[in-house]
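Have a look at the structure below before the remarks.
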Amino acid sequence: MNPGDNSRKRIYSAIQPSGQLTLGNYLGALRNFPKLQDDYDCVYCIANMHSLTVRQDPAELRERIYSLLALYLACGLDPDKNTLYLQSHVHEHAELAWILNCYTYIGELSRMTQFKDKSSKHADNINAGLFTYPVLMAADILLYRSDFVPIGQDQKQHLEIARDIADRFNRLYGETFVIPNPLIKRQGAKIMSLQEPDRKMSKSDPNASNFVLITESPDSIMKKFKKAVTDSEAEVRYDEENKPGVSNLINIYGAVTEKSAIEVEKEFSGARYGEFKTAVGQAVVDALAPIREKYGELMNDRAYLDKVMSEGREKASAIAAATLRDVYGRVGFVL
Ligand code: ATP
Ligand code: MG
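As numbered in our numbering, residues 221 to 555 make up the sequence shown, in order.
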């Protein structure tokens, strides 16, 4: 099928190569992607420009770019059916971000919870990129005239600002951008940290006990689940407010085994926490094993990964160039 086919609605999603991918990224994003590839025209970005908002080691960043591409593929994305590309390969992202910066207000950006959260985590490096991150994200989405953006709860606010910016621009210059809609899957939409279950699981978290990686060894995954924070009761019951740790484990188990929270509670009624945690760990290990194997094979074939990236660059550039040209014309730039 031709990914540029206009009869199908377009889905856009991006993940930053800012760390290795976690179970949260898998359940909140990656796992849902292959299900979409036959019905939608899907564009998946490796958002390396976004990841510079936090300091990165260059050699590691380069490696993680390949790693993220390999994970996209290992999770079942077919490069012939989807567009898989690297953000910095398509210069239109930076150019449209500049334009959109001029249609975004400081007040709007100041309300973003990710900015507040990341500035407190990286107090020594509160750079302007961290602040304008949502504008680059809006440029990503709008460049591809995306209809839908699958996101976890954490990105809801950023999608809303992208919609507001698009709408503002359209009102000033006529219908230019497609207003994107969020696709949020309820289960697995927000996986929390294993040690601090009031914070979301994040791949850039400096404390490795807080997350489980998609490619982590079964032993290490089991250890982390056994150590996961629960509470002083001894009841597997879903109660996000009073039992955030246990509720997170119920969410994880439910998402992986495709069971509702009520079914999970029933399955573990009377069970000890130790038993429950082992079962959650095992379910996660089983779900991730085939991906880990495929990932290992792909990482050993750089030539193939380069080929996929270069094909993606061409497909993505063609779409992005047309949108940017339209925008430049509308704001009054000489083309
Ligand atoms: P970072 O800490 O660098 O921001 P991250 O883990 O939040 O990393 P992103 O690259 O920001 O990952 O997001 C990638 C995708 O994963 C997005 O669709 C996001 O909504 C989703 N996602 C991120 N964290 C979680 C989570 N804890 N639960 C569910 N989905 C998540
Ligand atoms: Mg994030």
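Don't be surprised by glycine CBs; every beta carbon is placed ideally from N, CA and C.
I believe residue i touches residue j by the beta-carbon criterion, under 8 Å. Please report the beta-carbon distance rounded to the nearest angstrom.
i: I266; j: L289; result: 6 Å
i: Y264; j: Y246; result: Not really, about 14 Å apart at Cβ, beyond 8 Å.
i: M357; j: H342; result: With 8 Å as the limit, M357 and H342 do not qualify as a contact, their Cβ atoms being about 18 Å apart.
i: A448; j: K410; result: Incorrect: roughly 16 Å between the Cβ atoms, too far for contact.
Can you tell me whether residue i is buried or exposed, with buried defined as 16 or more other CB within 10 angstroms of its CB?
i: I482; result: exposed
i: P223; result: For P223, the predicted structure reports a pLDDT of 48, less than 50, and the residue's modelled location is therefore unreliable. A value from the coordinates is still provided. Looking at its Cβ environment, which holds 16 or more other Cβ atoms inside 10 Å, P223 is buried.
i: F553; result: exposed
i: K527; result: exposed
i: C322; result: exposed
i: G239; result: buried
i: I326; result: exposed
i: A510; result: In the sequence under discussion, the amino acid at residue 510 is Pro, which differs from the Ala named in the question. Exposed, since its Cβ has fewer than 16 Cβ neighbours within 10 Å.
i: D418; result: exposed
i: P354; result: buried
i: D259; result: exposed
i: G248; result: buried
i: S340; result: exposed
i: P426; result: exposed
i: M221; result: No answer about M221 holds up, because its pLDDT of 43 lies below 50 and its placement is not dependable.
i: L469; result: buried
i: G532; result: buried
i: G394; result: exposed
i: T187; result: In the structure as shown, the chain begins at 221 and stops at 555. Residue 187 is therefore absent and cannot be evaluated.
i: R545; result: exposed
Can you tell me whether DSSP reads residue i as helix, strand or coil?
i: A382; result: helix
i: R550; result: helix
i: N557; result: Residue 557 lies beyond the residue range present for the chain, which begins at 221 and ends at 555; the question has no answer from this structure.
i: R282; result: helix
i: R419; result: coil
i: S429; result: helix
i: R230; result: strand
i: P400; result: coil
i: I482; result: helix
i: I434; result: coil
i: I411; result: coil
i: S238; result: coil
i: M221; result: Confidence in M221 is poor, its pLDDT being 43 and thus under 50, which makes the residue's placement unreliable; the coordinate value appears in the next sentence. Here M221 sits in coil by DSSP.
i: S564; result: This structure gives no information on residue 564, because the portion of the chain shown stretches from 221 to 555.
i: S424; result: coil
i: R545; result: helix
i: V355; result: helix
Need the endpoints of the beta strand (DSSP E) that residue i sits in, please.
i: F368; result: 368 to 370
i: T396; result: No beta strand (DSSP E) contains T396, which DSSP labels as neither H nor E.
i: D261; result: 261 to 266
i: D509; result: What sits at residue 509 in the sequence shown is Ala, not Asp. Looking at the DSSP string, A509 is not in any beta strand (DSSP E); the run it does join, the alpha helix (DSSP H), is 493 to 519.
i: L306; result: 302 to 306
From what residue to what residue does the alpha helix (DSSP H) around residue i run?
i: S330; result: 326 to 330
i: A317; result: 312 to 321
i: N245; result: 243 to 248
i: Y473; result: 464 to 477
i: P438; result: 438 to 446
i: Q334; result: 333 to 341
Segment contact flag, the stretch 516 to 536 with the stretch 480 to 494, C-beta cutoff 8 Å, min 3 pairs:
no
Pair every Cβ in the stretch 460 to 475 with every Cβ in the stretch 302 to 320, then say whether three or more of these pairs are closer than 8 Å.
no
Any chance the stretch 270 to 283 sits against the stretch 226 to 233, with 3 or more Cβ pairs inside 8 Å?
no
Report yes or no: do three or more beta-carbon pairs, one from the stretch 231 to 238 and one from the stretch 366 to 376, lie closer than 8 Å?
yes
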